[in-house]
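A.B. asks: Mind looking over this structure? Questions follow.
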Amino acid sequence: MSGADPRVRAVLKLAPVIPVFTPDDVDDAVQVAQALFRGGLPVIEVTLRTPRALDAIKAMVEAVPDAVVGAGTVLTPAQMDAAKAAGARFAVSPGATPTLYATARDADLPYLPGVATGSELILGLEAGLDTFKFFPAVQSGGAPLLSAWHGPFADVRFCPTGGISAQTAPEFLHLPNVLCVGGSWLTTAALMQSRDWDSIERLAREAAVLAG
163 MSGADPRVRA VLKLAPVIPV FTPDDVDDAV QVAQALFRGG LPVIEVTLRT PRALDAIKAM
223 VEAVPDAVVG AGTVLTPAQM DAAKAAGARF AVSPGATPTL YATARDADLP YLPGVATGSE
283 LILGLEAGLD TFKFFPAVQS GGAPLLSAWH GPFADVRFCP TGGISAQTAP EFLHLPNVLC
343 VGGSWLTTAA LMQSRDWDSI ERLAREAAVL AG
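Quick note on the working numbering: the sequence shown kicks off at 163 and runs consecutively.
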């Protein structure tokens, strides 16, 4: 594991929460990036689940150059390459394949693949990684599973995502093998519909101190 990309852990250590954001509108995405950054969350995962996602990444990177904007829900090599071209600083997948591992290496893009089982984790270790997204976290066993994994996989670190809220995040963040959590509670559909940027910034401020 000594050959693992150190940039992945460096990104995950920047804040205790990585907002998981699915953009529908590019201008709104810029507002979200600015609100999250003002609130103390510099790392943002933008899921590639909408037609405007890549445009949103590019606009967010240009508008908030000090933010670390990454692409989530990366399922194919083409998406990996497109994310890199749009300016994404890292890529996240809900799972992983040998092809995606190879594409991330070729693209020189920090990669956070999703794992939910010990076998998937071992395959990731064989690919040379030491840091993973645990997804879907709550549905796959939550904090108790991550605690159990710390025994056989003591050197591995995680960003659990999926079903985590502001209330349950601390139970993950207090684990020795968790660097941060991913959460969608900062950019809910209701907040986006009302364009409530002030509330998003407030939620970011609250999330930024959850590890304390």
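All residues carry an ideal CB built from backbone N, CA and C; glycine is no exception.
1. Tell me whether D228 is buried or exposed, calling it buried when 16 or more other Cβ atoms sit within 10 Å of its Cβ.
2. With H, G and I counted as helix, E and B as strand and the rest as coil, what does DSSP make of L274?
3. Which runs of the beta strand (DSSP E) at least 3 residues long sit entirely within the segment 189-240? Give them in chain order.
4. Which residues in the same chain as D186 place their Cβ atom closer than 8 Å to its Cβ, once the five residues preceding and following it in sequence are excluded?
5. Excluding the 5 residues flanking P256 on each side, which residues of the same chain have their C-beta closer than 6 Å to its C-beta?
6. Using DSSP with H/G/I as helix, E/B as strand and the rest coil, what is R171?
7. Can you name the residues that DSSP bridges to T184?
8. DSSP beta-bridge partners for F294?
9. Thinking just about the alpha-carbon of each residue, which of S327, G290 and A221 is nearest to the one in D317?
10. Does the segment 175-186 come close enough to the segment 202-209 to have 3 or more Cβ pairs within less than 8 Å?
11. Cα separation between A197 and D360?
12. Just to check, is the beta-carbon of S361 closer than 8 Å to a non-hydrogen atom of the ligand MN?
13. Considering only residues of the same chain and omitting the five flanking positions on each side of T209, which have a CB-CB separation below 6 Å?
14. Given a cut-off of 9 Å, decide if L308 and A299 are closer than it, judged by their beta-carbon atoms.
C.D. replies: Concretely, from the data shown:
1. Locating residue 228 in the sequence shown gives position 66, where the first residue counts as 1. With fewer than 16 other Cβ atoms within 10 Å, it is exposed.
2. For the purposes of this step, residue 274 is taken as residue 112 along the sequence shown, with counting starting at 1. L274 falls in the strand class under three-state DSSP.
3. Listed in chain order, the complete beta strand (DSSP E) runs (minimum 3 residues) inside the segment 189-240 are 205-209 and 230-234.
4. Counting from one through the sequence shown, the residue named residue 186 turns up at place 24. Beyond the five residues adjoining it in sequence on each side, D186 comes within less than 8 Å, by CB distance, of T212, R214 and M354 in the same chain, given in chain order.
5. To locate residue 256, count along the sequence shown from 1; it is residue 94. Around P256: G276 and F297.
6. Start at 1 with the first residue of the sequence shown, and residue 171 comes out as number 9. The answer is helix: DSSP assigns R171 an H, G or I state.
7. Sequence index remark: in the sequence shown, residue 184 carries index 22 (1-based). None, per the DSSP bridge assignment.
8. For the purposes of this step, residue 294 is taken as residue 132 along the sequence shown, with counting starting at 1. Partner(s): F320.
9. As a working mapping, residue 317 is identified with position 155 in the sequence shown. The shortest C-alpha separation from D317 is found at G290.
10. Proximity of the segment 175-186 to the segment 202-209 meets the contact definition, three or more beta-carbon pairs being nearer than 8 Å.
11. The residue labelled residue 197 in the question sits at position 35 within the sequence shown. The residue labelled residue 360 in the question sits at position 198 within the sequence shown. Taking the straight line joining both Cα atoms gives about 7 Å.
12. The model depicted lacks the ligand MN and carries no ligand whatsoever.
13. The residue you call residue 209 lines up with position 47 of the sequence shown. Excluding sequence neighbours, T209 sits near T184, G234 and T235.
14. Within the sequence shown, numbered from 1, the residue matching residue 299 stands at position 137. Within the sequence shown, numbered from 1, the residue matching residue 308 stands at position 146. Yes, they are a contact pair.
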